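At position 62 of the first sequence the residue is numbered 61 (numbering that gives the first Met the number 0), and the sequence of numbers has no breaks. Just so it is clear, CB atoms sit at the ideal spot from N, CA and C, and this is done for glycine as well. Quick caveat: nothing in here was measured; it's all calculated off a predicted structure.
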Amino acid sequence: MVSQVTDIDQRIWQVVAHIPRGKVATYGDVARHAGLPGAARRVGTALRKLPGDTRLPWHRVINARGQISLPGGNGACHRQRKRLEEEGVRFTSDRQLSLADYRWRPG
DNA sequence: CATATGACGTCCT
DNA sequence: GAGGACGCCATAT
């Protein structure tokens, strides 16, 4: 079965590509900027379709609680944290950071 | 057309 | 502040 890439996915990816280095955005924020308010879950599905070798900064997308939403089992979770730390983002816990300090606010 | 699913958000305990 | 329950949205079956 092949995941179909829709126009929605393209818009979501485009928004993610605009998140500046060293900053993060919540799934809800990305959905809203993509013109799909309330469709935060759909953002996760779109990112899930990304190939492992993508250049998109998907690691800058976290949930509204300021924590990584990927399951800890796979290595993706650790990979996301590592990339963020390399951008200067400090974690207050294994998978949590301070949204107040790093949340991206366009404008 | 009805159900199930998921890298979520908000409210409540 | 940390979890759980329930709600939302677009897709897949």
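- Note on T5: under 16 other CB atoms within 10 angstroms of its CB, so exposed under the neighbour-count rule.
- Measuring C-alpha to C-alpha distances from R94 to each of G106, D100, P105, C76 identifies C76 as the nearest.
- If you compare the alpha carbons of E86, I7, V60, W57 with that of G34, the shortest gap goes to I7.
- Nearest C-alpha to D100 among Q79, G65, G27, L55: G65.
- Judged by pairs of C-beta atoms under 8 Å, the region 28 to 44 does not touch the region 74 to 88, as fewer than three such pairs exist.
- I11: member of the alpha helix (DSSP H) spanning 6 to 16, first to last residue.
- Counting the other CB atoms within 10 Å of its CB gives P105 a total below 16, which places it among the exposed residues.
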